[in-house]
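Numbering (the working numbering), first residue to last: 1 to 434.
Notes follow once the structure below has been shown.
The following block contains the structure:
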C-alpha cells in the first residue's frame with residue numbers, strides 16, 4: 001500500500017500544481033509548460049525518463065512509461081490534464097491560484113479538475129520507486145495540455161504524432177469517476193465511468209438582407225437565427241439507452257429495491273431521487289444554445305447572425321443528432337461543427353472494470369459502486385484513436401454536503417485532504433493489480 005510519504009506528497013503536489021497558473025482561455029491562450037516541467041521533475045526523481053512534447057511552444061505534454069513484470073500483458077494508460085479553466089478572483093473566498101491549505105482542505109482552481117489526480121499519480125509512482133514496486137503490466141503516464149479547449153495541443157497531438165509512446169496500450173483511466181455521491185438517505189454511491197457522450201459544439205449561421213432598422217424586412221438574419229435557436233432550445237430529445245446507462249439503471253434499481261422498468265425511465269428516475277443525477281443527463285442527446293453574435297448598430301439590420309450550441313450525443317446516436325439539427329435549423333440557417341469528438345462506450349464486465357470496483361470497495365466497504373456514463377468529455381476521446389478503451393477513475397472519498405459537480409469550473413473549487421489520501425490508496429491498489 002502507498003506509504004505515509006505518498007499521503008504527504010499528494011497534498012503538497014496538489015497545492016504546488018494549483019499555484020502554477022495554467023489557465024486555458026481558449027484560442028491557444030495558455031502555457032502549460034511550467035506545470036509540465038514540475039510533473040516531469042517529480043517523475044525523474046522517481047527514476048523515470050519523462051518526455052516533454054509540444055506541438056505549439058509552451059503547450060507542453062509529459063509522457064513516461066513504467067515497465068511491468070509481464071512483457072506479454074497489454075499496457076495501461078494513466079492520464080490527467082494540466083490546464084484549468086479561468087477563475088475570477090473577486091468571486092472566490094481565497095485567491096484561486098494560492099493552493100491554500102486550510103482546515104483540512106486544499107483550495108484553488110484545479111483542486112478537482114484535475115490537478116488532484118495529477119498529484120495522486122505522481123505520489124503513487126514515487127511511492128513505488130521507494131518500495132521497488134513494479135506493476136504487472138506496463139503503465140504509461142501522460143500529463144496533457146489543452147484538455148479544457150480543443151485538445152489539439154494535448155491528447156490530440158499525442159495521439160496523432162506520438163502514437164509510438166502508447167504502444168501496447170489497450171485501456172486507459174482518466175478523470176471523473178470513483179467519487180462519493182451521497183444520496184441523502186445514508187447511502188454512498190461510487191460511479192465508475194464507462195462511457196462519454198460525444199461532443200458536438202455547433203455554429204449556426206443565418207443570412208438575410210441587410211437593411212435599415214426602420215423598414216420591414218422578411219429576410220432578417222437575426223429573426224431567422226432566433227427562431228432556429230428557440231426551436232433547438234425547446235426540443236425534447238427522445239429517450240435513448242446505451243449499455244452503460246442501462247447497466248446503471250439496473251444496478252441502481254436493485255440497490256433501491258425498485259422495479260427496473262426501462263419502459264418508463266423517467267418514472268424510474270423520479271423514484272431514484274438524488275441518485276438520478278448520475279443518469280438523467282445521459283438518457284438523451286442534448287443541445288443547449290450558449291452564445292449569440294449579431295449586428296453592430298441598433299438601427300441596422302445585419303446581413304448575418306451567428307449562434308453557438310453545446311451539443312452532446314450518446315454513443316451510437318450521432319446520426320440522429322445530425323438529422324435533428326438539420327430539421328431544427330430549417331432552410332434559412334446553416335450549421336456546422338465548431339468542435340466535434342466521438343462518443344465512447346466501454347464494457348462494464350471487463351477484468352479492468354472489476355479491479356477498479358474491487359479497489360474502491362476495499363477502502364470504502366460501505367459504498368456501492370455503479371456504472372456511469374459521463375455527460376461531457378475527456379482526453380479519453382482523443383486516446384480512443386489509438387484503440388484505447390477509456391474509463392473515468394480518479395477516486396475521491398467525499399464528505400456529505402460536498403457538491404462534487406459544482407467544483408468543476410466553479411467558484412471556491414477545493415478538495416479535502418482525506419479525499420486525496422483515499423484517492424492515493426485506491427489508485428495504488430488498482431494499479432498494482434491492474
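Glycine included, C-beta positions come from ideal geometry on N, C-alpha and C.
Start-to-end residues for the beta strand (DSSP E) that takes in residue 114: Secondary structure note for residue 114: it is in no beta strand (DSSP E), with a DSSP letter that is neither H nor E.
Own chain, CB closer than 6 Å to residue 247, minus 5 neighbours either side, in chain order: 348 and 371.
Beta strand (DSSP E) segment containing residue 241, residue limits: Taken as a continuous stretch (DSSP letters only), residue 241 belongs to no beta strand (DSSP E), as it is neither H nor E.
For residue 204, the three-state DSSP class (helix, strand or coil): Under the three-state reduction of DSSP, residue 204 is assigned to strand.
Residue 263 - DSSP class collapsed to helix/strand/coil: DSSP places residue 263 in the coil class of the three-state scheme, outside both helix and strand.
Beta-carbon spacing of residue 389, residue 196 below 8 Å: Going by beta carbons, residue 389 and residue 196 fall outside the 8 Å limit.
Residue 371 - containing beta strand (DSSP E), residue span: That run of the beta strand (DSSP E) goes 367 to 374.
Residue 421 - containing alpha helix (DSSP H), residue span: Element bounds for residue 421: 417 to 433.
Where the alpha helix (DSSP H) containing residue 355 begins and where it ends: That run of the alpha helix (DSSP H) goes 351 to 363.
Bridge partner(s) assigned by DSSP for residue 289: In DSSP, residue 289 forms a bridge with 309.
Runs of beta strand (DSSP E) wholly within the region 60 to 126 (minimum 3 residues, chain order): Within the region 60 to 126, the complete beta strand (DSSP E) runs of at least 3 residues are 60 to 66, 75 to 81 and 105 to 107.
Residue 84 beta carbon less than 8 Å from that of residue 113: Yes; because the gap between Cβ atoms is below 8 Å, this pair is in contact.
Residue 30 versus residue 288 - alpha carbon distance: Approximately 26 Å between the Cα atoms of the pair.
Identity of the residue in 151, 232, 249 and 305 nearest residue 240 by Cα: The option with the nearest alpha carbon to residue 240 is 249.
Proximity to residue 202 [Cα-Cα], best of 66, 368, 37 and 292: Of the listed residues, the one whose Cα sits closest to residue 202 is 292.
Residue 42 burial status per 10 Å Cβ neighbour count (16 or more: buried): By the Cβ neighbour-count rule, residue 42 is buried, with 16 or more other Cβ atoms within 10 Å of its own.
Unbroken beta strand (DSSP E) run spanning residue 195, endpoints: Segment 188 to 196, the beta strand (DSSP E) holding residue 195.
Residues that DSSP places opposite residue 333 in a beta bridge: DSSP lists 206 as the bridge partner or partners of residue 333.
DSSP beta-bridge partners of residue 172: As computed with DSSP, residue 172 is found in a beta bridge with 77 and 390.
Straight-line Cα distance separating residue 55 from residue 353: Answer to the nearest angstrom: the Cα atoms are 33 Å apart.
Among 137, 116 and 428, nearest to residue 414 - alpha-carbon criterion: Of 137, 116 and 428, the residue nearest in Cα terms is 116.
Spatial distance of residue 62 from residue 173 (CA atoms): Between residue 62 and residue 173, the C-alpha separation is close to 16 Å.
Short Cβ contact (8 Å threshold) for residue 164 with residue 153: In this structure, residue 153 does not lie closer than 8 Å to residue 164 by Cβ.
contact_flag[the region 97 to 111, the region 5 to 24] where n(CB pairs < 8 Å) is 3 or more: For the pair of segments examined, the region 97 to 111 was found to touch the region 5 to 24: the number of CB pairs separated by less than 8 Å reaches three.
Whole-angstrom C-beta distance between residue 431 and residue 124, which should lie under 8 Å: Correct: roughly 6 Å between the Cβ atoms.
Residue 48 versus residue 122 - alpha carbon distance: Cα to Cα, residue 48 sits roughly 11 Å from residue 122.
Alpha carbon of residue 6 to alpha carbon of residue 317, nearest angstrom: Cα to Cα, residue 6 sits roughly 43 Å from residue 317.
Spatial neighbours of residue 295 in its chain, beta-carbon cut-off 6 Å, leaving aside the 5 residues before and after: 302, listed in sequence order.
Same chain, Cβ closer than 7 Å to residue 70, five either side skipped, listed in chain order: Excluding residues up to 5 positions away in sequence, 136 and 137 lie with their Cβ nearer than 7 Å to the Cβ of residue 70 in the same chain.
Reference residue 80, options 266, 39, 332 and 310, closest by Cα: In this structure, 39 is the residue among 266, 39, 332 and 310 with its C-alpha nearest to the C-alpha of residue 80.
C-alpha gap between residue 307 and residue 231, whole angstroms: Taking the straight line from one Cα to the other gives about 13 Å.
CB of residue 342 within 8 Å of CB of residue 381, strictly: Yes. Within cutoff.
Residue 323 in three-state terms, based on DSSP: Helix at residue 323.
Beta-carbon proximity list for residue 373, same chain, < 6 Å, skipping 5 on both sides: The residues are 195, 244, 245 and 282.
Where residue 251 sits in the DSSP three-state scheme: Helix at residue 251.
Sheet register partners of residue 141 (DSSP bridge): According to the DSSP secondary-structure assignment, residue 141 is paired through a beta bridge with 64 and 78.
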